[in-house]
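Working notes, structure below.
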Amino acid sequence: MTTRSDQIRMLVELTKLTALDEGSPQAFKVRAYENAIAGIEGHHGELSGLTKAELTEIKGVGSSTADKILELEATGTVAKLETLREMYPPAFVALTKIPGLGPKTLKMLRSQLGIEDIGSLKEAVDAEQLRELPGLGEKSEQKIARAIDRLGLHGKDRRTPLVEVLGFANSLAQRIAEIEGVVEAVPCGSIRRFSETVGDVDIVVATTNPGLVGDVVLGYPEVSEVVGAGKTKISFLTREELQVDIRTVRPDQLGSALLYFTGSKAHNIALRQKAIDRGWLLSEYGLFEDKEVLASETEGEIYEALGMQAVPPMLREGSGEVEAASNERLPNLIERSDIKGDLHYHSDRSGDGRSSLEEMVEAASGAGWEYVAFTDHGEDLAINGSTPDQMLAHRDQIRGLDSRYPEIRLLFGCELNIGRDGDLDYDSDFRLEFDYCVASIHSHFDMSSDRQTARILTALQDPTVNAIGHLTGRYVGRRPGVELDIGVVLEALALSGVALEINGALDRLDATSEVARQAMSVGVDVVIDTDSHHTRDLVRMDYGVRYARRGWVTANRVLNARTLDEVLASVAARRAR
DNA sequence: GCCGTTTTCGGCCCGACTGTTTTCAGTCG
Numbered sequence: 147m148t149t150r151s152d153q154i155r156m157l158v159e160l161t162k163l164t165a166l167d168e169g170s171p172q173a174f175k176v177r178a179y180e181n182a183i184a185g186i187e188g189h190h191g192e193l194s195g196l197t198k199a200e201l202t203e204i205k206g207v208g209s210s211t212a213d214k215i216l217e218l219e220a221t222g223t224v225a226k227l228e229t230l231r232e233m234y235p236p237a238f239v240a241l242t243k244i245p246g247l248g249p250k251t252l253k254m255l256r257s258q259l260g261i262e263d264i265g266s267l268k269e270a271v272d273a274e275q276l277r278e279l280p281g282l283g284e285k286s287e288q289k290i291a292r293a294i295d296r297l298g299l300h301g302k303d304r305r306t307p308l309v310e311v312l313g314f315a316n317s318l319a320q321r322i323a324e325i326e327g328v329v330e331a332v333p334c335g336s337i338r339r340f341s342e343t344v345g346d347v348d349i350v351v352a353t354t355n356p357g358l359v360g361d362v363v364l365g366y367p368e369v370s371e372v373v374g375a376g377k378t379k380i381s382f383l384t385r386e387e388l389q390v391d392i393r394t395v396r397p398d399q400l401g402s403a404l405l406y407f408t409g410s411k412a413h414n415i416a417l418r419q420k421a422i423d424r425g426w427l428l429s430e431y432g433l434f435e436d437k438e439v440l441a442s443e444t445e446g447e448i449y450e451a452l453g454m455q456a457v458p459p460m461l462r463e464g465s466g467e468v469e470a471a472s473n474e475r476l477p478n479l480i481e482r483s484d485i486k487g488d489l490h491y492h493s494d495r496s497g498d499g500r501s502s503l504e505e506m507v508e509a510a511s512g513a514g515w516e517y518v519a520f521t522d523h524g525e526d527l528a529i530n531g532s533t534p535d536q537m538l539a540h541r542d543q544i545r546g547l548d549s550r551y552p553e554i555r556l557l558f559g560c561e562l563n564i565g566r567d568g569d570l571d572y573d574s575d576f577r578l579e580f581d582y583c584v585a586s587i588h589s590h591f592d593m594s595s596d597r598q599t600a601r602i603l604t605a606l607q608d609p610t611v612n613a614i615g616h617l618t619g620r621y622v623g624r625r626p627g628v629e630l631d632i633g634v635v636l637e638a639l640a641l642s643g644v645a646l647e648i649n650g651a652l653d654r655l656d657a658t659s660e661v662a663r664q665a666m667s668v669g670v671d672v673v674i675d676t677d678s679h680h681t682r683d684l685v686r687m688d689y690g691v692r693y694a695r696r697g698w699v700t701a702n703r704v705l706n707a708r709t710l711d712e713v714l715a716s717v718a719a720r721r722a723r
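The opening position of the first sequence corresponds to residue 147 in this note's numbering, with each subsequent residue numbered one higher.
What follows is the structure, encoded as structure tokens:
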């Protein structure tokens with residue numbers, strides 16, 4: 147049986163090889179495959195077992211793609227894909243990762259010089275053969291030579307975890323904003339959409355003096371190599387080989403520039419198509435009717451002119467948001483100001499906690515929260531956890547502080563460890579001492595999907611468990627999450643009334659926004675937590691909320707957007723079952 | 001390859017930068 151990820155993987159490979167075969171990533175066939183992938187990703191139920199008629203009902207999936215999905219299911223492979231694989235073996239396809247080398251040039255190199263892989267390309271470059279070819283010259287040859295040397299460091303597919311670039315992007319934008327003539331400098335692209343990984347850093351700069359921006363920025367110490375520098379656009383690499391693209395526009399064009407540079411590509415295409423439908427043109431310079439500007443200053447004006455609701459950046463993935471916004475049906479997304487408290491929060495009672503109980507209370511109170519649950523680790527987490535006696539003493543301290551900080555209610559909670567088979571810390575009587583518990587996995591990441599799923603199901607049946615923390619245990623860019631049958635887990639969460647955590651730590655962002663969106667569609671509640679171990683971690687609530695918005699999470703489904711009484715009532719109701 | 005409140009055929013987003021060119025192709029975002 148083929149899974150949805152098998153199907154998507156097949157289509158992604160087909161897209162890549164077809165782009166090479168057609169000689170352009172913009173080829174219509176390539177775009178059609180991309181649309182089919184987007185349609186399938188936005189389609190929630192299983193695909194396995196669907197008939198051809200049912201498959202072609204999915205947006206972007208036509209007769210030919212449906213056949214390929216069925217063929218994959220019946221035979222385990224797709225003849226068209228096999229043919230392309232023979233024509234373009236992996237060693238040749240790998241050359242597409244070299245920046246500056248596109249499909250047209252690659253195919254010419256192959257036919258003219260017999261280049262099949264990185265080795266033969268390098269030889270041809272060293273023999274100065276490339277410069278003799280039509281359309282190429284000495285400079286192109288040198289550019290390719292440099293790119294080969296760097297291959298793997300900043301290949302076209304490389305993505306960097308958001309956690310590694312967000313601070314840098316913000317500080318860069320802040321410094322650019324101080325340059326004379328600059329009105330605003332905004333990190334855009336996948337950073338603004340709050341994707342967990344980013345390909346590069348995109349910054350839009352509204353300025354009356356674009357030349358100065360270029361001069362100043364290229365003098366910054368972070369600039370390790372200039373990739374390109376024109377009148378309105380400069381690109382450079384940092385020492386860590388992160389690419390930064392800076393685009394300047396006039397201040398009155400900021401809205402259209404933000405729209406264009408925030409993307410996603412699929413969202414932009416959908417908007418531009420709406421403009422075309424009205425006989426208009428949408429570019430980074432504005433929305434135009436003939437040469438007349440209809441809107442350009444703010445994103446909101448452009449959306450309004452296109453007859454739709456303004457789409458929050460996190461939703462701009464081309465996954466149904468344009469249709470929803472056109473029908474006034476965008477969800478009422480959770481906002482930072484809806485959040486009333488944090489239900490996953492540590493003190494130095496945990497071995498990995500870095501701030502004292504009182505410091506953490508002070509910080510939570512300063513954040514304006516109405517309540518916070520201290521959920522220090524249970525005893526099973528050997529180095530970090532606490533014995534029952536330590537926990538009871540900890541409770542006394544919490545209750546003592548609770549009376550000293552009347553503006554915030556302090557709950558005595560626990561982060562229970564989910565053992566290999568779903569077992570939890572302490573005994574069931576002792577667990578009832580806690581006001582609230584989140585249960586999470588911290589080990590045994592490489593078991594089968596079935597066993598991981600069973601383990602989570604066992605844990606969430608326990609009446610003292612109120613939420614499942616960082617569902618998959620992933621660390622973005624470092625450790626993949628465990629494999630789970632998400633559909634089964636969500637169904638069990640919905641039935642039991644246990645909340646799904648969206649952990650706001652930037653290297654976790656777990657559960658993922660895709661899972662969160664699925665959770666919304668099946669009526670699962672979400673809790674957005676900071677999992678703070680230090681007073682400086684509270685900013686994660688912002689991140690968690692932004693990431694939750696990316697998962698189409700609505701305020702009415704967020705546990706910690708409710709009052710303390712409502713939270714406590716749901717804990718009591720669960721224990722009474 | 002997909003799609004249709006003009007269309008079942010003829011369209012399919014728009015523009016900057018580079019290097020190679022005398023007006024443009026390729027690549028990228």
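Quick reminder that beta carbons are idealized off the backbone N, C-alpha and C, glycines included.
Just so you know, these numbers come straight off a predicted model, no measurement behind them.
Inset, instruction - Can you tell me the Cβ-Cβ gap for ASP522 and SER532, rounded? I've got them flagged as a contact below 8 Å. - result: 6 Å between Cβ atoms; contact.
Inset, instruction - Note down the Cα distance separating ALA513 from SER336, rounded to an integer number of angstroms. - result: In this structure, the alpha-carbon of ALA513 lies about 27 Å from that of SER336.
Legend entry - Alpha-carbon spacing of SER317 relative to ALA638, whole angstroms: SER317 and ALA638: Cα-Cα distance of roughly 43 Å.
Inset, instruction - Would you mind reading off the limits of the beta strand (DSSP E) that contains LEU630? - result: In this chain, LEU630 is not harboured by any beta strand (DSSP E), its DSSP state being neither H nor E.
Legend entry - Assigned secondary structure, PHE580 (DSSP; H/G/I helix, E/B strand, else coil): Secondary structure at PHE580: coil, using DSSP grouped into helix, strand and coil.
Legend entry - Validate contact between the region 181 to 189 and the region 259 to 271 using beta carbons, cut 8 Å, 3 pairs: Touching, no, given that fewer than three Cβ pairs across the two stretches are closer than 8 Å.
Inset, instruction - Could you tell me the distance, in whole angstroms, from the CA atom of ILE290 to the CA atom of GLY409? - result: A straight-line Cα-Cα distance of about 29 Å links ILE290 and GLY409.
Legend entry - Reduced DSSP category for PHE591 - H, G, I as helix; E, B as strand; rest coil: PHE591 carries a coil assignment under DSSP once its states are collapsed to helix, strand and coil.
Inset, instruction - Taking 8 Å as the cut-off, decide whether the C-beta atoms of LEU489 and LEU201 are in contact. - result: Cβ atoms of LEU489 and LEU201: not closer than 8 Å.
Inset, instruction - Below 8 Å on the Cβ atoms is my guess for VAL271 versus ILE294; work out the distance and round it to an integer in Å. - result: Cβ-Cβ separation between VAL271 and ILE294: approximately 7 Å, consistent with a contact (criterion under 8 Å).
Inset, instruction - Take GLU371 and list the residues in its own chain whose beta-carbon comes closer than 8 Å to its own, dropping the five residues that flank it on each side. - result: Counting only Cβ-Cβ distances below 8 Å, and skipping sequence neighbours, we find PHE382 and LEU383.
Inset, instruction - Use the C-beta contact count for MET666: other C-beta atoms within 10 angstroms, 16 or more gives buried, fewer gives exposed. - result: If you draw a 10 Å sphere on the C-beta of MET666, you find 16 or more other C-beta atoms in it, and that means buried.
Legend entry - Reduced DSSP secondary structure (H/G/I, E/B, other) of GLU192: In the structure shown, GLU192 falls within a coil segment according to DSSP collapsed to helix, strand and coil.
Inset, instruction - Please confirm whether ASN478 and THR700 have their CB atoms less than 8 Å apart. - result: Cβ atoms of ASN478 and THR700: closer than 8 Å.
Inset, instruction - Sort out for me which residues DSSP pairs VAL224 with in a bridge. - result: Bridge partners of VAL224: none, in fact.
Inset, instruction - Just confirm the distance between the C-beta atoms of ALA315 and GLU330, as a whole number of angstroms; I'd bet it's less than 8 Å. - result: About 14 Å; that fails the 8 Å criterion.
Inset, instruction - Tell me whether ARG708 sits in a helix, a strand or coil according to DSSP, three-state version. - result: In the three-state reduction of the DSSP assignment, ARG708 falls in the coil class, being assigned neither a helical nor a strand state.
Inset, instruction - Could you check if GLY281 is buried or exposed, using at least 16 other CB atoms within 10 Å of its CB as the buried criterion? - result: By the Cβ neighbour-count rule, GLY281 is exposed, with fewer than 16 other Cβ atoms within 10 Å of its own.
Inset, instruction - Go ahead and pull the three-state DSSP assignment for SER410. - result: Residue state, collapsed to three classes: coil.
Legend entry - Three CB pairs or more closer than 8 Å across the region 439 to 451 and the region 497 to 508: In this structure the region 439 to 451 does not lie against the region 497 to 508, because fewer than three pairs of beta carbons, one per stretch, are closer than 8 Å.
Inset, instruction - Could you have a look at GLN389 and say whether DSSP puts it in helix, strand or coil? - result: GLN389 falls in the strand class under three-state DSSP.
Inset, instruction - List the DSSP bridge partners of ALA519. - result: For ALA519, which the question treats as bridged, DSSP gives the partners LEU557.
Legend entry - Same chain only: Cβ atoms within 6 Å of LYS250, ignoring 5 sequence neighbours per side: So the list reads GLY169, once near-sequence residues are dropped.
Inset, instruction - Would you mind reading off the limits of the alpha helix (DSSP H) that contains ALA441? - result: Looking at the DSSP string, ALA441 is not in any alpha helix (DSSP H); the run it does join, the beta strand (DSSP E), is 438 to 441.
Legend entry - First and last residue of the uninterrupted alpha helix (DSSP H) at ALA237: Here the alpha helix (DSSP H) through ALA237 covers 236 to 239.
Inset, instruction - Flag this pair as touching only if the region 631 to 649 and the region 453 to 467 have three or more C-beta atom pairs under 8 Å; answer yes or no. - result: No: the two stretches stay apart, fewer than three of their Cβ pairs being nearer than 8 Å.
Legend entry - Residue burial classification, SER549 (beta-carbon count within 10 angstroms, cutoff 16): With fewer than 16 Cβ atoms within 10 Å of its Cβ, SER549 is classed as exposed.
Legend entry - N- and C-terminal bounds of the alpha helix (DSSP H) containing GLU200: In the DSSP assignment, GLU200 falls within the unbroken alpha helix (DSSP H) covering 198 to 202.
Inset, instruction - Pick out whichever of LYS198, ARG150 and GLN598 has its Cα sitting closest to the Cα of THR618. - result: For the residues LYS198, ARG150 and GLN598, the minimum Cα distance to THR618 belongs to GLN598.
Inset, instruction - Could you tell me the boundaries of the beta strand (DSSP E) in which TYR491 lies? - result: Run containing TYR491: 487 to 491, per the beta strand (DSSP E) assignment.
Inset, instruction - Within its chain, find whatever has a CB closer than 7 Å to the CB of ASP631; leave out the 5 residues flanking it on each side and keep chain order. - result: Here the set comprises SER595 and THR599.
Inset, instruction - Identify whether VAL347 lies in helix, strand or coil by the three-state DSSP scheme. - result: Note: VAL347 maps to strand in three-state DSSP.
Inset, instruction - Using 10 angstroms around the beta-carbon of MET156, count the other beta-carbons present and answer buried if the total reaches 16, otherwise exposed. - result: Buried: at least 16 other Cβ atoms inside 10 Å.
Legend entry - Straight-line Cα distance separating GLY195 from LYS205: Their Cα atoms are separated by approximately 18 Å.
Inset, instruction - Taking 8 Å as the cut-off, decide whether the C-beta atoms of GLU438 and GLY425 are in contact. - result: Not closer than 8 Å, so no.
Inset, instruction - Over the uninterrupted alpha helix (DSSP H) stretch that includes PHE340, give me the two end residues. - result: PHE340 -> no alpha helix (DSSP H), and no H or E assigned at all.
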